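Engineer:
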Amino acid sequence: MTSQNLPEPTQAPTPVSPKVKVKTTWPIVPPNADRTPIRTERLLLRPFDAADVDAVFELRQQPEVMLWTSFGTIDKDIDESRTFVERFLPPNDTQTYNFVVVYLGNAGENNDGNGVVIGVGGAHKTRSHLGWPEVGYMFRKEYWNKGFATEFLRGFTKAWWALPRKEIEIEIGADSLEGRVENADEKNEGGVIQAPEILTAIIEVRNIGSRRVLENAGFREYKVWTEPDSRAGFEGLDATLGGFLLTAPES
631 MTSQNLPEPT QAPTPVSPKV KVKTTWPIVP PNADRTPIRT ERLLLRPFDA
681 ADVDAVFELR QQPEVMLWTS FGTIDKDIDE SRTFVERFLP PNDTQTYNFV
731 VVYLGNAGEN NDGNGVVIGV GGAHKTRSHL GWPEVGYMFR KEYWNKGFAT
781 EFLRGFTKAW WALPRKEIEI EIGADSLEGR VENADEKNEG GVIQAPEILT
831 AIIEVRNIGS RRVLENAGFR EYKVWTEPDS RAGFEGLDAT LGGFLLTAPE
881 S
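Each residue of the sequence shown is one higher than the one before, counting from 631 in the working numbering.
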């Protein structure tokens with residue numbers, strides 16, 4: 631049950647959408663050393679560590695998991711997994727807000743699996759090609775259909791919106807504003823639109839499990855597009871992708 635959470639392939643999907651400049655808020659992402667782990671009922675979301683390579687390699691050796699990523703296939707060796715992990719370590723850590731997901735067990739139960747890394751997830755891009763930050767997640771197949779992904783995403787988004795903010799002006803895809811472009815009252819003198827901050831996600835529309843996770847966490851689908859699948863081994867096929875958004879809660 632996964633969403634895209636990998637480096638983009640050589641020819642990354644780029645849905646065509648008019649760009650518009652907006653004034654909005656933006657998270658100030660702390661480095662790993664200053665991040666507070668996120669605790670949910672059964673999970674611990676903690677910053678990446680170089681020692682996580684082995685656990686991440688095991689995760690990325692599951693074809694069922696990797697099928698739904700923008701890479702599409704398992705890592706050929708542990709060095710590819712190490713490259714993945716290094717994206718979330720210093721000095722790159724402030725460019726993402728991504729976590730290792732650890733299973734802590736169910737309350738009142740003895741479980742030999744307590745403390746195991748069952749997935750990774752978070753804002754793996756603070757500036758996606760949609761203009762907004764993009765969230766993604768990957769979970770070991772043994773932990774699918776047990777509510778872990780939804781529990782993770784709800785815990786993550788709560789922590790995401792609690793980060794300190796600053797005001798910025800950026801260019802984003804106009805379709806994510808869902809009609810605000812036409813509202814002149816929301817524009818400054820320079821034509822900049824006042825817009826609430828948005829967190830996005832992209833999935834393959836056939837990934838019904840991930841759709842349910844996003845919807846359970848409050849995300850809404852706002853666009854669907856089809857394009858040639860650019861992943862190695864999928865040549866000649868089309869991919870239909872869905873863009874989802876979650877708007878910042880009102881303060």
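All residues carry an ideal CB built from backbone N, CA and C; glycine is no exception. From a predicted model like this one, the values you see are computed outputs, not experimental measurements.
Are residue 751 and residue 728 closer than 8 angstroms when you measure CB to CB?
Structural biologist: It is a contact, given that the beta carbons lie within the stated cut-off.
Engineer: Where residue 801 and residue 666 are concerned, what is the direct C-alpha to C-alpha distance, given to the nearest angstrom?
Structural biologist: The alpha-carbon atoms of residue 801 and residue 666 are separated by roughly 30 angstroms.
Engineer: How big is the Cα-Cα spacing for residue 674 and residue 867?
Structural biologist: Distance between the alpha carbons of residue 674 and residue 867: 38 angstroms.
Engineer: In three-state terms, what does DSSP make of residue 760?
Structural biologist: If DSSP states are grouped into helix, strand and coil, residue 760 belongs with coil.
Engineer: Could you tell me which of 860, 783, 854 and 838 sits nearest to residue 876, measuring between CA atoms?
Structural biologist: That would be 783, whose Cα lies nearest to the Cα of residue 876.
Engineer: Quick check: the Cα distance between residue 679 and residue 717, rounded to an integer number of angstroms?
Structural biologist: Looking at the two C-alpha atoms, the distance is approximately 11 angstroms.
Engineer: State the CB to CB distance for the pair residue 806 and residue 828, rounded to an integer number of angstroms; the pair is presumed to be in contact (CB under 8 angstroms).
Structural biologist: Indeed they touch by this definition, with Cβ atoms about 6 angstroms apart.
Engineer: Enumerated in chain order, which unbroken segments of the beta strand (DSSP E) with a length of 3 residues or greater are wholly contained in the region 774 to 853?
Structural biologist: As far as the region 774 to 853 is concerned, its whole beta strand (DSSP E) runs of at least 3 residues are 795 to 803 and 828 to 834.
Engineer: Pick out the complete alpha helix (DSSP H) segments inside the region 668 to 722, 4 residues or longer, and give them in chain order.
Structural biologist: For the region 668 to 722, whole alpha helix (DSSP H) runs of length 4 or above, ordered along the chain, are 683 to 689, 693 to 696 and 708 to 716.
Engineer: Just to confirm, is the Cβ distance from residue 699 to residue 659 under 8 angstroms?
Structural biologist: No. Outside cutoff.
Engineer: If I measure Cβ to Cβ from residue 687 and keep anything under 7 angstroms in the same chain, skipping five residues before and after, which residues do I get?
Structural biologist: Answer for residue 687: 705, 708 and 711, listed in chain order.
Engineer: Tell me which residue opens and which closes the beta strand (DSSP E) that residue 771 is part of.
Structural biologist: Element bounds for residue 771: n/a, residue is neither H nor E.
Engineer: Based on the DSSP output, what are the partners of residue 869 in its beta bridges?
Structural biologist: Residue 869 pairs with 857.
Engineer: Going by other Cβ atoms of all chains shown within 10 Å of its Cβ, with 16 needed for buried, is residue 841 buried or exposed?
Structural biologist: By the 10 Å Cβ count, residue 841 comes out buried.
Engineer: Is residue 663 helix, strand or coil by DSSP?
Structural biologist: Correct three-state label for residue 663: helix.
Engineer: If we ignore side chains and look at the alpha-carbon of each, how far apart do residue 703 and residue 821 end up?
Structural biologist: Answer to the nearest angstrom: the Cα atoms are 44 angstroms apart.
Engineer: Could you give the distance in angstroms between the alpha-carbon of residue 804 and the alpha-carbon of residue 647?
Structural biologist: Whole-angstrom Cα-Cα distance: 7 angstroms.
Engineer: Assuming residue 715 contacts residue 683 (C-beta within less than 8 angstroms), just tell me the rounded distance between them.
Structural biologist: That belief holds up - the Cβ atoms of residue 715 and residue 683 are roughly 5 angstroms apart, short of 8 angstroms.
Engineer: Report the rounded CA-to-CA distance for residue 637 versus residue 701, giving the unit in angstroms.
Structural biologist: Interpretation of residue 637 is limited by its pLDDT of 37, a score under 50 that renders its predicted location unreliable; no figure is taken from the coordinates.
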